[in-house]
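Protein chains in written order, with this note's numbering: chain W, 1 to 112; chain U, 1001 to 1128; chain P, 2001 to 2247.
Here it is as structure tokens:
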């Protein structure tokens, strides 16, 4: 038994859980209800300008990366609960998928 | 006297044996929809980086009936995540003020206030 | 003919049984009886071979933990009137080997409990002449609820992670570690972290919360573990950013 390095996984999990709780619902309301209904418009110029701003980049990255990590860690633990084992395959599937989303978001934001 | 302790196996269906565990499994599995929405956002950021036409295509796609239906599911389970997450905050972060414990409902309430503030700020920002 | 109630009790005698089986008993129904009273009635009048642990009969000793209708409970704390009209199924606590009938083998818990160093480890050694440690009522209140554990093991029976991983240190042991970590007289958090902050410690917990739901003394081990996850993570960050600093 030794002190674990789990905090490396758990801290972004906890942060992601909070970001998901505070931010994700309103984002879904906007993209899932208000924009389709025509109440709000997400114009390219406005969003691109926000994404060009360094603070905007950080916010957009956080809104994608942290909840993605949160879900990856949670589903990995749940897979273990369901008897799907704690092996490398589950970890790769969960963190790998989150990693892809993180890289895609980072790549896009760097390019903008 | 011979001892022969009997070890009962934990079944794979353990979580179906009690409503408490079913609720736990629902809580955990529905977080998937938050992750799926993050995937949608990631695609959106990639489309944004690809220019005006790509972005408009993305907006059209998520505004489609299928896109809206998918996001409705995401919204329901994202709200479920928020509610269950906030409910647990007093356990993880007990606060004391002036030597007295802060009631759990105050800690939970503060999170709902933060939720409202963040939502309003984002709405105003998106409206511009 | 006065009212009766039926108990379906798990039996296991290692000298004769290859595996456990259930046996039904009909006992008198009394409003004020608990399941423990029914078991005592069985042992005194119907079947002296039934084995089970009990002592105080008032939910302070922690001896009589059992699974009653699929719920971990103290048998002295489960009233017959709440099961009236149905059959009461009485089994040993989950997640522990069965020694005999309703008696479980709790050696693993005893080991886990001692492994978290459940005693005051002072920040500095003081000679006796320095006098006693002073502690205000406010400082006591910070950790008081975590002192209330009666080691009844209901939380271990309720916790699915205990069932899935036999090395998991478990709720009660970590609630007790938290009791000492929060004690103003204590300086042993780092010493306890070897076990508490290991993979078999707090990190096995997925905040199901069943432990706190079944605890008869409102210790709230789930809260203890989540708070420890935060403090362990902060310690980990501090070690990462300022390595080698003795804490």
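Every residue, glycine too, gets a C-beta built ideally from N, C-alpha and C.
(request) Determine, using beta carbons only, whether residue 67 of chain W and residue 1079 of chain U come nearer to each other than 8 Å. (result) Numbered from 1 along the first chain, position 67 holds the residue referred to as residue 67 of chain W. Numbered from 1 along the second chain, position 79 holds the residue referred to as residue 1079 of chain U. No, the Cβ-Cβ distance between residue 67 of chain W and residue 1079 of chain U is not below 8 Å.
(message) Across the region 10-29 of chain W and the region 1031-1043 of chain U, are there enough close Cβ pairs to call them in contact, namely three or more that are closer than 8 Å?
(response) yes
(request) Can you have a look at residue 2226 of chain P and say buried or exposed, based on whether 16 or more other CB atoms are within 10 angstroms of its CB? (result) As a working mapping, residue 2226 of chain P is identified with position 226 in the third chain. Buried: at least 16 other Cβ atoms inside 10 Å.
(request) Kindly indicate which three-state DSSP category residue 2007 of chain P falls into: helix, strand or coil? (result) By 1-based counting over the third chain, the position of residue 2007 of chain P is 7. Three-state result, residue 2007 of chain P: strand.
(request) Can you grab the Cα-Cα spacing for the pair residue 2052 of chain P / residue 85 of chain W, in whole Å? (result) Counted from its first residue, the third chain places residue 2052 of chain P at position 52. Counted from its first residue, the first chain places residue 85 of chain W at position 85. Roughly 35 Å between the two C-alpha positions.
(request) State the Cα-Cα distance for the pair residue 1013 of chain U and residue 2066 of chain P, rounded to the nearest angstrom. (result) The sequence position of residue 1013 of chain U within the second chain is 13, counting from 1. The sequence position of residue 2066 of chain P within the third chain is 66, counting from 1. The straight-line gap from Cα to Cα measures roughly 21 Å.
(message) Taking its Cβ as the centre, do 16 or more other Cβ atoms sit within 10 Å of residue 1097 of chain U, making it buried, or is it exposed?
(response) Your numbering for residue 1097 of chain U matches position 97 in the second chain. Classification of residue 1097 of chain U: exposed, given that the 10 Å Cβ count is below 16.
(request) Report the residue ranges of all alpha helix (DSSP H) runs contained in full by the region 19-83 of chain W; include only those spanning at least 4 residues, in chain order. (result) 24-29, 44-52 and 54-81
(request) Assign residue 2181 of chain P to one of two classes, buried (16 or more other C-beta atoms within 10 Å of its C-beta) or exposed (fewer than that). (result) Here residue 2181 of chain P corresponds to residue number 181 of the third chain, with the count starting at 1. Label assigned to residue 2181 of chain P: buried.
(request) Compute the distance between the beta-carbons of residue 19 of chain W and residue 51 of chain W, then report whether it is under 8 Å. (result) Position 19 of the first chain, counted from the first residue, corresponds to residue 19 of chain W. Position 51 of the first chain, counted from the first residue, corresponds to residue 51 of chain W. For residue 19 of chain W and residue 51 of chain W, no; Cβs fall outside 8 Å.
(message) Taking CB distances under 8 Å as the criterion, tell me whether residue 93 of chain W reaches chain U.
(response) Counting from one through the first chain, the residue named residue 93 of chain W turns up at place 93. Output row for residue 93 of chain W: interface = no.
(request) Starting from residue 2066 of chain P, follow the beta strand (DSSP E) in both directions and report where the run begins and ends. (result) Here residue 2066 of chain P refers to the residue found at position 66 of the third chain. Its beta strand (DSSP E) spans residues 2065-2068.
(request) Would you list, in sequence order, the uninterrupted beta strand (DSSP E) runs of no fewer than 3 residues that lie entirely inside the region 2075-2102 of chain P? (result) 2087-2091 and 2098-2100
(request) Using a cut-off of 7 Å between C-beta atoms, extract the partners of residue 2177 of chain P located in chain U. (result) Sequence index remark: in the third chain, residue 2177 of chain P carries index 177 (1-based). Near residue 2177 of chain P there are no residues of chain U at all, since even the closest Cβ is about 16 Å away, more than 7 Å.
(message) Short of 8 Å in beta carbon distance, which residues of its chain neighbour residue 2056 of chain P, apart from the five on each side in sequence? Order them along the chain.
(response) Sequence index remark: in the third chain, residue 2056 of chain P carries index 56 (1-based). The answer, listed in chain order, is 2063 and 2076.
(message) Is residue 66 of chain W close to chain P? Criterion is C-beta to C-beta, closer than 8 Å.
(response) Locating residue 66 of chain W in the first chain gives position 66, where the first residue counts as 1. Answer no: the Cβ-Cβ gap between residue 66 of chain W and chain P never drops below 8 Å.
(request) Could you check the C-alpha separation between residue 2096 of chain P and residue 74 of chain W for me, to the nearest Å? (result) Sequence index remark: in the third chain, residue 2096 of chain P carries index 96 (1-based). Sequence index remark: in the first chain, residue 74 of chain W carries index 74 (1-based). Looking at the two C-alpha atoms, the distance is approximately 27 Å.
(request) Rounded to whole angstroms, what's the CA-CA distance from residue 2068 of chain P to residue 2159 of chain P? Just pull it up for me. (result) Start at 1 with the first residue of the third chain, and residue 2068 of chain P comes out as number 68. Start at 1 with the first residue of the third chain, and residue 2159 of chain P comes out as number 159. C-alpha separation (whole angstroms): 16 Å.
(request) Measuring alpha carbon to alpha carbon, tell me which of U/1033, U/1009 and U/1007 ends up nearest residue 1075 of chain U. (result) In the second chain, counting from the first residue as 1, residue 1075 of chain U sits at position 75. Per the Cα distances, U/1033.
(message) Below 8 Å on the Cβ atoms is my contact criterion, and I expect residue 2175 of chain P with residue 3 of chain W to pass it. Report the Cβ-Cβ distance as a whole number of Å.
(response) As a first step, residue 2175 of chain P must be located in the third chain, where it is residue number 175. As a first step, residue 3 of chain W must be located in the first chain, where it is residue number 3. With a Cβ gap of about 19 Å, residue 2175 of chain P and residue 3 of chain W do not count as contacting.
(message) At the 8 Å Cβ level, is residue 2226 of chain P part of the contact set with chain U, yes or no?
(response) As a first step, residue 2226 of chain P must be located in the third chain, where it is residue number 226. So yes, residue 2226 of chain P belongs to the interface.
(request) Compare the Cα-Cα distances from residue 1118 of chain U to each of W/53, W/6 and W/59 and report the closest residue. (result) Here residue 1118 of chain U refers to the residue found at position 118 of the second chain. When only C-alpha atoms are compared, the closest one is W/59.
(request) Report yes if the C-beta distance between residue 2171 of chain P and residue 2152 of chain P is below 8 Å; otherwise report no. (result) Mapped onto the third chain, residue 2171 of chain P falls at position 171. Mapped onto the third chain, residue 2152 of chain P falls at position 152. In this structure, residue 2152 of chain P does not lie closer than 8 Å to residue 2171 of chain P by Cβ.
(message) Any beta carbon of chain U sitting closer than 8 Å to that of residue 2012 of chain P?
(response) Taking the third chain and counting its residues from 1, one reaches residue 2012 of chain P at position 12. Closer than 8 Å to some Cβ of chain U, the Cβ of residue 2012 of chain P qualifies, so yes.
(message) Less than 8 Å between CB atoms is the rule here; does residue 2070 of chain P satisfy it with respect to chain U?
(response) Along the third chain, read from residue 1 onward, the residue named residue 2070 of chain P stands at position 70. Yes - at least one Cβ of chain U is within 8 Å of the one on residue 2070 of chain P.
(request) Kindly indicate if chain U contains any beta-carbon less than 8 Å away from that of residue 2154 of chain P. (result) Taking the third chain and counting its residues from 1, the one referred to as residue 2154 of chain P is at position 154. So no, residue 2154 of chain P is outside the interface.
(request) Sort P/2008, P/2029, P/2036 and P/2032 by Cα distance to residue 2023 of chain P and report the nearest one. (result) Along the third chain, one-based indexing puts residue 2023 of chain P at 23. Taking only the C-alpha atoms, the option nearest residue 2023 of chain P is P/2008.
(message) If the criterion is Cβ atoms closer than 8 Å, does the pair residue 105 of chain W and residue 61 of chain W meet it?
(response) Position 105 of the first chain, counted from the first residue, corresponds to residue 105 of chain W. Position 61 of the first chain, counted from the first residue, corresponds to residue 61 of chain W. Taking 8 Å as the Cβ cut-off, residue 105 of chain W and residue 61 of chain W qualify as a contacting pair.
(request) Report the partner residues of residue 2027 of chain P according to the DSSP bridge assignment. (result) Residue 2027 of chain P sits at position 27 when you count from the first residue of the third chain. BP columns for residue 2027 of chain P point to P/2005.
(request) Quick one: grab the DSSP three-state call for residue 2122 of chain P. (result) For the purposes of this step, residue 2122 of chain P is identified with residue 122 of the third chain, where counting begins at 1. Strand.
(message) Taking 8 Å as the limit between beta carbons, can you name the residues of its chain near residue 80 of chain W, skipping five residues before and five after?
(response) In the first chain, counting from the first residue as 1, residue 80 of chain W sits at position 80. Correct list, in chain order: 86 and 90.
(message) Three Cβ pairs or more, each shorter than 8 Å: is that satisfied between the region 2221-2238 of chain P and the region 2189-2203 of chain P?
(response) yes
(request) To the nearest angstrom, report how far apart residue 2048 of chain P and residue 2223 of chain P are at their CA atoms. (result) Start at 1 with the first residue of the third chain, and residue 2048 of chain P comes out as number 48. Start at 1 with the first residue of the third chain, and residue 2223 of chain P comes out as number 223. Computed Cα separation, rounded: 42 Å.
(request) Mind listing the chain U neighbours of residue 21 of chain W? Cutoff is C-beta to C-beta under 8 Å, in chain order. (result) Taking the first chain and counting its residues from 1, the one referred to as residue 21 of chain W is at position 21. Simply 1081, 1082, 1085, 1086, 1111 and 1115.
(request) Could you round the C-beta distance between residue 1068 of chain U and residue 1089 of chain U to whole angstroms and report it? I think they count as a contact, below 8 Å. (result) By 1-based counting over the second chain, the position of residue 1068 of chain U is 68. By 1-based counting over the second chain, the position of residue 1089 of chain U is 89. That belief does not hold up - the Cβ atoms of residue 1068 of chain U and residue 1089 of chain U are roughly 31 Å apart, past 8 Å.
(message) Our contact map puts residue 2120 of chain P next to residue 2183 of chain P with C-beta atoms below 8 Å; I'd like the distance itself, whole angstroms only.
(response) Taking the first residue of the third chain as 1, we reach residue 2120 of chain P at position 120. Taking the first residue of the third chain as 1, we reach residue 2183 of chain P at position 183. Right, the Cβ-Cβ distance comes to about 7 Å (below 8 Å), so this counts as a contact.
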